Amino acid sequence: MRAVIVLLIVMAAVAMGRSAVAQERRPADPSPFAHVPCSVFDNRPCTPSVCSALESGPCFPDIDYPIGENLQVTVESNPPDKDAARYRMPDHDLDTIGDLFQALRSCWTPPEQDIARAGMQMAVKFSFRRDGALIAPPRLTYATPDAAPETRAAYRQAIDASLSHCAPLSFSKGLGGAIAGRPILVRYVDNRTMEPSDKRP
2 MRAVIVLLIV
12 MAAVAMGRSA
22 VAQERRPADP
32 SPFAHVPCSV
42 FDNRPCTPSV
52 CSALESGPCF
62 PDIDYPIGEN
72 LQVTVESNPP
82 DKDAARYRMP
92 DHDLDTIGDL
102 FQALRSCWTP
112 PEQDIARAGM
122 QMAVKFSFRR
132 DGALIAPPRL
142 TYATPDAAPE
152 TRAAYRQAID
162 ASLSHCAPLS
172 FSKGLGGAIA
182 GRPILVRYVD
192 NRTMEPSDKR
202 P
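Reminder that position 5 of the sequence shown reads as 6 in my numbering, one-by-one numbering, no gaps.
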């Protein structure tokens, strides 16, 4: 009888040990990097969010995360004064990703207000050659869903014109070799305050 009890205890200990090992080997939770908002009811990692009584859901703070494999930048039509320096074209060969983003921001000229739309967003993807020229025309990846076709066309034309006006960019040898062929995603946000259509000339 004692032998049976000892055997059961040993089997239970082995099962508990395997369960602990399985939990240790469980893959890491990637949710902090997937913009999963925090909740007071959660006990897992999540992305900090800042909520407002005027918002229908969580909003994420604009944090300058370290630049990784994804070359993504947001360009605003009316940047705040504190970001003015980030919208000036560098006065030297572009040598870092930060310089590249600064140049792309400085290139942007939004459509005139009589054909623009407040809150309009459009994103394009493109790549550069080593010499700073575009490999191909930018490819549209997103546009505000309910925007009128003529509004989309106006913003697409403004994006193409802005990039054509700046390209080719002046890359240093190191930056040109590092980003040649890599996709770059630029999201344009028209955050200007538009005058009502009946007040426009």
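All C-beta atoms, glycine included, are put in the ideal place defined by N, C-alpha and C.
Computed from a predicted structure; not experimentally measured.
For residue i, three-class secondary structure by DSSP
i: Ile136; result: coil
i: Leu101; result: helix
i: Ala181; result: coil
i: Gly170; result: With the sequence shown as reference, residue 170 is identified as Leu, and Gly is not the correct amino acid for it. In this structure, Leu170 counts as coil in the three-state DSSP scheme.
i: Thr194; result: coil
i: Thr152; result: helix
i: Ala86; result: helix
i: Phe61; result: In this prediction, Phe61 has a pLDDT of 46, which is less than 50 and means its spatial position is unreliable; nothing more can be read from the coordinates.
i: Gln158; result: helix
i: Ile10; result: helix
Per DSSP, the bridge partner or partners of residue i
i: Thr75; result: Arg188
i: Leu141; result: Val125
i: Leu95; result: Phe172
Nearest-angstrom Cα separation, counted from residue j out to residue i
i: Phe34; j: Leu9; result: Confidence at Phe34 is low in this model, with a pLDDT of 40, below 50, so the placement of that residue should be treated as unreliable; the coordinate-derived value is given next. Each residue's alpha carbon lies about 44 angstroms from the other.
i: Arg193; j: Arg183; result: 31 angstroms
i: Ala86; j: Pro169; result: 22 angstroms
i: Ala117; j: His166; result: 20 angstroms
Any non-hydrogen atom of the ligand MN closer than 7 angstroms to residue i Cβ
i: Asp132; result: This structure lacks the ligand MN; in fact it carries no ligand of any kind.
Top-ranked residue by Cα proximity to residue i, from the options
i: Ala159; options: Val190, Ile6 and Phe172; result: Val190
i: Leu164; options: Arg140, Asp84 and Asp82; result: Arg140
i: Ser107; options: Tyr143, Pro81, Pro91 and Arg3; result: Pro91
i: Asn79; options: Ala104, Thr110, Leu101 and Gln103; result: Thr110
Exercise. Would the stretch 121-131 and the stretch 172-190 be scored as touching if the rule is three or more Cβ pairs under 8 angstroms?
Worked result: yes
Exercise. Can we say the stretch 142-162 touches the stretch 96-105, given the rule of at least three CB pairs closer than 8 angstroms?
Worked result: no
Exercise. Would the stretch 74-90 and the stretch 136-155 be scored as touching if the rule is three or more Cβ pairs under 8 angstroms?
Worked result: no
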